[in-house]
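Those protein sequences? They're chains B and H, same order as listed. Numbering of the first sequence is given in UniProt numbering, commencing with residue 1 and proceeding in unit increments. Numbering of the second sequence is given in UniProt numbering, commencing with residue 1 and proceeding in unit increments. Every residue, glycine too, gets a C-beta built ideally from N, C-alpha and C. Comments concern the structure below.
2 protein chains.
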Amino acid sequence: MSQSFLPPTRLLMGPGPSNVPKRVLEAMARPTIGHLDPVFVAFMDELKGLLQWVFRSDNTLTLPVSGPGTAGMEACFVNLLEPGDKIVVCRNGAFGQRMVEMSERIGAEVIVVDQDWGRAVDREAVARTLAEHPDARVLAFVHAETSTGAVSDAAALAALAIEHDCLSIMDCVTSLGGMTLEVDDWGVDAAYSGTQKCLSCPPGLSPVTLSERAAEKIRARNYPVQSWFMDFSLVMNYWGGGGKRAYHHTAPVNALYGLHEALLILKEEGLESAWRRHAETHQQLKRMLEGLGIEFVVPEGERLPQLNAVRIPAGIDDAEGRRYLLEEHGIEVGAGLGPLAGKIWRIGLMGETCRPESVTRLEQGLRGLLGR
Amino acid sequence: MSQSFLPPTRLLMGPGPSNVPKRVLEAMARPTIGHLDPVFVAFMDELKGLLQWVFRSDNTLTLPVSGPGTAGMEACFVNLLEPGDKIVVCRNGAFGQRMVEMSERIGAEVIVVDQDWGRAVDREAVARTLAEHPDARVLAFVHAETSTGAVSDAAALAALAIEHDCLSIMDCVTSLGGMTLEVDDWGVDAAYSGTQKCLSCPPGLSPVTLSERAAEKIRARNYPVQSWFMDFSLVMNYWGGGGKRAYHHTAPVNALYGLHEALLILKEEGLESAWRRHAETHQQLKRMLEGLGIEFVVPEGERLPQLNAVRIPAGIDDAEGRRYLLEEHGIEVGAGLGPLAGKIWRIGLMGETCRPESVTRLEQGLRGLLGR
Numbered sequence: 001m002s003q004s005f006l007p008p009t010r011l012l013m014g015p016g017p018s019n020v021p022k023r024v025l026e027a028m029a030r031p032t033i034g035h036l037d038p039v040f041v042a043f044m045d046e047l048k049g050l051l052q053w054v055f056r057s058d059n060t061l062t063l064p065v066s067g068p069g070t071a072g073m074e075a076c077f078v079n080l081l082e083p084g085d086k087i088v089v090c091r092n093g094a095f096g097q098r099m100v101e102m103s104e105r106i107g108a109e110v111i112v113v114d115q116d117w118g119r120a121v122d123r124e125a126v127a128r129t130l131a132e133h134p135d136a137r138v139l140a141f142v143h144a145e146t147s148t149g150a151v152s153d154a155a156a157l158a159a160l161a162i163e164h165d166c167l168s169i170m171d172c173v174t175s176l177g178g179m180t181l182e183v184d185d186w187g188v189d190a191a192y193s194g195t196q197k198c199l200s201c202p203p204g205l206s207p208v209t210l211s212e213r214a215a216e217k218i219r220a221r222n223y224p225v226q227s228w229f230m231d232f233s234l235v236m237n238y239w240g241g242g243g244k245r246a247y248h249h250t251a252p253v254n255a256l257y258g259l260h261e262a263l264l265i266l267k268e269e270g271l272e273s274a275w276r277r278h279a280e281t282h283q284q285l286k287r288m289l290e291g292l293g294i295e296f297v298v299p300e301g302e303r304l305p306q307l308n309a310v311r312i313p314a315g316i317d318d319a320e321g322r323r324y325l326l327e328e329h330g331i332e333v334g335a336g337l338g339p340l341a342g343k344i345w346r347i348g349l350m351g352e353t354c355r356p357e358s359v360t361r362l363e364q365g366l367r368g369l370l371g372r
Numbered sequence: 001m002s003q004s005f006l007p008p009t010r011l012l013m014g015p016g017p018s019n020v021p022k023r024v025l026e027a028m029a030r031p032t033i034g035h036l037d038p039v040f041v042a043f044m045d046e047l048k049g050l051l052q053w054v055f056r057s058d059n060t061l062t063l064p065v066s067g068p069g070t071a072g073m074e075a076c077f078v079n080l081l082e083p084g085d086k087i088v089v090c091r092n093g094a095f096g097q098r099m100v101e102m103s104e105r106i107g108a109e110v111i112v113v114d115q116d117w118g119r120a121v122d123r124e125a126v127a128r129t130l131a132e133h134p135d136a137r138v139l140a141f142v143h144a145e146t147s148t149g150a151v152s153d154a155a156a157l158a159a160l161a162i163e164h165d166c167l168s169i170m171d172c173v174t175s176l177g178g179m180t181l182e183v184d185d186w187g188v189d190a191a192y193s194g195t196q197k198c199l200s201c202p203p204g205l206s207p208v209t210l211s212e213r214a215a216e217k218i219r220a221r222n223y224p225v226q227s228w229f230m231d232f233s234l235v236m237n238y239w240g241g242g243g244k245r246a247y248h249h250t251a252p253v254n255a256l257y258g259l260h261e262a263l264l265i266l267k268e269e270g271l272e273s274a275w276r277r278h279a280e281t282h283q284q285l286k287r288m289l290e291g292l293g294i295e296f297v298v299p300e301g302e303r304l305p306q307l308n309a310v311r312i313p314a315g316i317d318d319a320e321g322r323r324y325l326l327e328e329h330g331i332e333v334g335a336g337l338g339p340l341a342g343k344i345w346r347i348g349l350m351g352e353t354c355r356p357e358s359v360t361r362l363e364q365g366l367r368g369l370l371g372r
């Protein structure tokens, strides 16, 4: 019964994971070494530099959290929020909702700025809310809402946080590497991402960066961070640099090899070139979808290039249509989440997947599905 | 400056990671597929079966937590403890201390049963403490203390928990796959492990299993679990089986390929055979070390076969000696932690590393170091 698992080869056009380049897979298959080996410690320093580069940040506290994006997300919230702190959360999709739930579990007082799913966060509404709540400590928002395909003006929201003396937490799980993102220029205090989107690694790591303001908040906390595993004051001693590492937990050595290689690939292409490739391939996808009469959920101007939410074509069953694309064409597209379940599909064009050939193959699949 | 990272090949004889077989590394390099792909969902069911097999348990709630052993550890504590709950923690090393710290952060009332580092937990002391605290809800202990190389009588401790109507949490990070371990026969309620010890995978996943009694406790909680990421009531819907998976977080797909392959390798050998191999290779190591006059920290009868704490030989500098073994012989041995730092080395014989050839190579290294 039990045999080695030989996965099929898929074209991964869902909300993540995206396709992983051979080079990254091969890097992960290199021999495991000790996480405190001097060679590995030097590697960690280099990896940190690459993460600073992709985040466009000089933040000292920049590291890959040893868990998926959700772990990096929770790490930011539990470190920057204390029980009783007031936080303003922008909720325009499933990941904004998750921010609310995490903040509540910390015992924070949560003020929600709601927006329709599929729309960008409303800057004016956020500004009004921050003005009404001058005691708010944190503003949290999602740059690229993976559940709806909407982008919000992260620069403007981070600026509002500064203006109102809040720390900002930015979810950039789906944006990092796929579109303009400037942690330092925008003045974002905490940003977390995932590896399985535009960085084209397997899932399992969460790159995180925190500003000096955020680090100060952590140092000045009244209560210990509720999570020992996620406590950045402990993790900092491990990823802190300077050659001396205090053991905290065992780093996922081979996954880090993969992330390092993926960042090298991105660096060879150039970050702005990768952003441009995502924007251009999105235009190609848009023309293709419009040619087939398939409609976008998000209004033009608020759309993510790398994650395209579209209405399920009339007459097509959600699960059956996705099964057809997967089994007959080897293409994965994503289902809708929450209120959009059964109504939309999410078409990813992230990282390695973001190529003209992917659009061409999807067009063939969709034509087969629609009988055209 | 930035180039692909080509790690050296090491013989990993520290406290983990252990050496990873080529088959496992190759499995991890297979193409990434979607974590909700039907093929992957079927794979998850098979992996769950393999984990039940290695834990010797029929527990429905058996899964690999998407993070290192420390994440699986914290997941057990935050799910089974609520603020105000009384817990008895057996502390005979660094990981018992970590249990105390995690429990305190949850807001539990922590009663500690201390034992000297390097000794097994004292069953009688635990029995007395449980009798003195009839309102204790949880008993937590470490089966195989990675920081000292001592094994405790997990069967007896789990029996005490049942007798005193407590749930038991067992750390089996270093024991799983390397020595007798019977989750169901012993009546353990929650056990967590790591992949980078006797399972010989890279670090990054934490196999966990919870009894029906533990699942009932989670369902009957008064407060939500403080961690959203680690909340088993949410994770259960994702790993729960039955074909329908609710999205919770993105599973670390390729790391799971590796774990699956590692468990297959173990199954081909047979679990009892692997336990025997660890016991026999330990005897070989013991003879070799005694031949060189190197002393064990832990009294005979309380020693782990797979992790051997020894006094640093007289006249040898801790860091310099380990550097020599690493650089001149390609062998990693582990340093001491906490009060044992600078006094001991930890010699791992775990999983793939646990071969007669490893002992032979280490002997050469030690002879070179000692000039004999």
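Can you give me the start and stop residues for the alpha helix (DSSP H) that residue i sits inside?
i, result
"G321 (chain H)", "318-329"
"F232 (chain H)", "232-239"
"P356 (chain B)", "356-370"
"F296 (chain H)", "Unbroken run through F296 (chain H): none, as it is neither H nor E."
"D184 (chain B)", "183-186"
"R303 (chain H)", "From DSSP, R303 (chain H) is part of no alpha helix (DSSP H); its letter is neither H nor E."
"W275 (chain H)", "271-291"
"F5 (chain B)", "That residue, F5 (chain B), is in no alpha helix (DSSP H); it is neither H nor E in DSSP."
Starting from the beta carbon of residue i, find every residue of chain H whose beta carbon is closer than 8 Å, and list them in chain order.
i, result
"R10 (chain B)", "P31, I33, G34, D37"
"T62 (chain B)", "What T62 (chain B) touches in chain H: nothing, since even the nearest Cβ is about 16 Å away."
Classify residue i: buried if its beta carbon has 16 or more other beta carbons within 10 angstroms, exposed otherwise.
i, result
"S4 (chain B)", "exposed"
"D171 (chain B)", "buried"
"T9 (chain B)", "exposed"
"N59 (chain B)", "buried"
"L6 (chain H)", "exposed"
"K343 (chain H)", "exposed"
"G242 (chain H)", "Per-residue confidence for G242 (chain H) stands at a pLDDT of 49, beneath the threshold of 50, marking its modelled position as unreliable; no derived number is given."
"Q115 (chain B)", "buried"
"P299 (chain H)", "exposed"
"P17 (chain B)", "buried"
"A42 (chain H)", "exposed"
"S273 (chain B)", "exposed"
Shortest alpha-carbon distance to residue i belongs to which of the options?
i, options, result
"S168 (chain H)", "H:V183, H:A144, H:L139, H:Q52", "H:L139"
"L307 (chain B)", "B:A314, B:F296, B:I316, B:P313", "B:F296"
"D165 (chain H)", "H:E182, H:D135, H:G351, H:T146", "H:D135"
"P68 (chain H)", "H:S2, H:R276, H:L259", "H:L259"
"E109 (chain B)", "B:G118, B:Q115, B:D116, B:M99", "B:M99"
"T360 (chain B)", "B:D318, B:L285, B:E320", "B:L285"
"R303 (chain H)", "H:E145, H:L51, H:D114, H:V112", "H:E145"
"L340 (chain H)", "H:L61, H:G93, H:P31, H:S57", "H:G93"
"A309 (chain B)", "B:L349, B:T70, B:L51", "B:L349"
"G84 (chain B)", "B:G338, B:R221, B:Y324, B:E363", "B:R221"
"A155 (chain B)", "B:R128, B:L130, B:D189", "B:D189"
"R30 (chain H)", "H:W345, H:A255, H:G371", "H:A255"
"R105 (chain H)", "H:A75, H:V121, H:R119", "H:A75"
Quick one: give me the first and last residue of the beta strand (DSSP E) that residue i is part of.
i, result
"H308 (chain H)", "Per the sequence shown, the amino acid found at residue 308 (chain H) is Asn instead of His. That run of the beta strand (DSSP E) goes 307-311."
"M13 (chain H)", "11-13"
"K86 (chain H)", "86-91"
"M170 (chain B)", "167-171"
"V39 (chain B)", "No beta strand (DSSP E) holds V39 (chain B); the alpha helix (DSSP H) holding it covers 38-55."
"R346 (chain H)", "344-348"
Starting from the beta carbon of residue i, find every residue of chain B whose beta carbon is closer than 9 Å, and list them in chain order.
i, result
"S227 (chain H)", "E74, V78, M102, R105, Q226, S227, F229, M230"
Mind listing the chain B neighbours of residue i? Cutoff is C-beta to C-beta under 7 Å, in chain order.
i, result
"A71 (chain H)", "G67, F229"
Please list, in chain order, the chain H residues whose beta carbon lies closer than 9 Å to that of residue i.
i, result
"R98 (chain B)", "W228"
At 7 Å on the CB atoms, spell out the chain H contacts of residue i, in chain order.
i, result
"E26 (chain B)", "A29"
"N254 (chain B)", "M28, P202"
"K267 (chain B)", "S2"
Confirm the yes/no value for this check: CB of residue i, any heavy atom of the ligand ZN, distance under 7 Å.
i, result
"P339 (chain B)", "Absent from the structure shown: the ligand ZN. Ligands present: none."
Inter-stretch contact at 8 Å, needing at least 3 Cβ pairs: the stretch 16-33 of chain H / the stretch 254-274 of chain H: Segment contact: the stretch 16-33 of chain H against the stretch 254-274 of chain H, three or more CB-CB distances shorter than 8 Å; contact assigned.
Check whether the stretch 350-357 of chain B and the stretch 147-164 of chain H are in contact - that is, three or more C-beta pairs closer than 8 Å. no
Is the stretch 72-82 of chain B touching the stretch 212-232 of chain B in the sense that three or more CB pairs, one from each, lie closer than 8 Å? Segments in contact, yes.
Three or more C-beta pairs below 8 Å linking the stretch 320-337 of chain B and the stretch 176-185 of chain B: no
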